[in-house]
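If you read the sequence shown in the numbering used here, its first letter stands for residue 1, the second for the next number, and so on. To keep things clear, I will list the structure first and then write my remarks on it.
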Amino acid sequence: MFENSNLTYSVNNSTITLRDDKKELLLVTPPQFKNIYVTRYSVELTDMQPEKRPHIKNVFLHEVFKRDKTFFFVKAGETEYQVDLKYIDNPITAMKF
């Protein structure tokens, strides 16, 4: 498992988990896609650029997965989301277990 030094998130296989309820993530995607904004309550596409902001950790997907990955999972709060950027109209799906 990979963890960043601030314990804001962790990565296990293809899952990024938001660990700190007070923090948020901006997942910076390959250029052909919008970026992904992750809070404890939701995961959504955004036009936010990867600029430094208080309480938001920028995570570049190609750094996390060592390549431009378009299919992965994000766990935020108690919900896990499947993200497949190839589906441009609806790339984010909340998983039901």
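For each residue, glycine too, the CB sits at the ideal point set by N, CA and C. Being a predicted model, the structure only gives us computed values, none of them experimental.
Between phenylalanine 33 and the rest of its own chain, which residues show a CB-CB distance below 6 Å, the 5 nearest in sequence each way excluded? Residue numbering aside, residue 33 sits at position 33 when the sequence shown is read from its first letter. Hits under 6 Å: Leu85.
Rounded to a whole number of angstroms, what is the C-alpha to C-alpha distance between serine 10 and valine 38? Stepping through the sequence shown from its first residue, residue 10 is reached at position 10. Stepping through the sequence shown from its first residue, residue 38 is reached at position 38. Their Cα atoms are separated by approximately 13 Å.
Give every residue of the same chain whose Cβ lies closer than 6 Å to the Cβ of aspartate 68, excluding the five residues on either side of it in the sequence, and list them in chain order. As a working mapping, residue 68 is identified with position 68 in the sequence shown. Here the set comprises Pro30, His62.
Specify the secondary structure class of phenylalanine 72 as computed by DSSP and reduced to three states. Reading the sequence shown from its first residue, position 72 is the one you call residue 72. Phenylalanine 72 falls in the strand class under three-state DSSP.
Kindly indicate which three-state DSSP category phenylalanine 60 falls into: helix, strand or coil? Here the question's residue 60 lines up with position 60 in the sequence shown. If DSSP states are grouped into helix, strand and coil, phenylalanine 60 belongs with the strands.
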